[in-house]
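This report concerns only the one structure given below.
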Amino acid sequence: MSIEILRNAEVLGARERELRDILLMSENIQHLAENNDWAEAVAEQYRRRALMDTFFAKDCAPSESQQVAEVIEAVLNIDQQVTNVLYQQRSSMLTDANQSRQNVRNVDAYLSHSVS
345 MSIEILRNAE VLGARERELR DILLMSENIQ HLAENNDWAE AVAEQYRRRA LMDTFFAKDC
405 APSESQQVAE VIEAVLNIDQ QVTNVLYQQR SSMLTDANQS RQNVRNVDAY LSHSVS
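Count along the sequence shown from 1, then add 344; that gives the number in my numbering.
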């Protein structure tokens, strides 16, 4: 079963539901990160970690190994995208902070010359 089919399937076994939940939680983490909701993204990441621990505590049957591998690959790709978003937002915040510091220096300079 492909990832698209897994994502949209209405009837799944327990293991497939857990696997789909891991995928959907990963996609939600990406959505939250892109919307700068890092607190909720971190909370969702903890929930996903717990689900992954439960899922991988059981042996993977040979019949599901291909599907599990595909989901793992998708999750890793999503996590890389989340990391990219994090670094982009961090860089943007540093730029904004530097601009704010410069603005404060400019205001201080103006005030020091106008309050004579």
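Where is the CB? At the ideal position from N, CA and C, for every residue including glycine.
Query - 7 angstroms CB neighbourhood of LEU376 in its chain, flanking five on each side removed - result: For LEU376, where only same-chain residues beyond five positions count, the Cβ hits under 7 angstroms are GLU384, ALA385, GLU388.
Report task. State whether the segment 346–366 contacts the segment 423–443, with contact taken as three or more CB pairs (one from each stretch) at a distance under 8 angstroms. Result -> no
Query raised in the report: Going along the chain, which residues of its own chain have a beta-carbon closer than 7 angstroms to the beta-carbon of ARG359, five neighbours each way excluded?
Result: GLU408
Requested in this report: Could you spell out the range, first to last residue, of the alpha helix (DSSP H) harbouring LEU420?
Outcome: 409–458
Query - Segments assigned alpha helix (DSSP H), at least 4 residues, entirely inside the segment 348–382 - result: 358–378
Query raised in the report: Rounded C-beta distance between ILE416 and GLU371? I'm assuming under 8 angstroms.
Result: Incorrect: roughly 14 angstroms between the Cβ atoms, too far for contact.
Query - Chain-order list of residues whose beta-carbon lies under 8 angstroms from that of MET396 (same chain, five-residue window excluded) - result: ILE366
Report task. Could you round the C-beta distance between ASN380 and GLN433 to whole angstroms and report it? I think they count as a contact, below 8 angstroms. Result -> 6 angstroms between Cβ atoms; contact.
Query raised in the report: In or out: GLN446 buried (at least 16 other Cβ within 10 Å) or exposed?
Result: exposed
Query - Alpha-carbon to alpha-carbon, ASN352 and VAL419 - result: 17 angstroms
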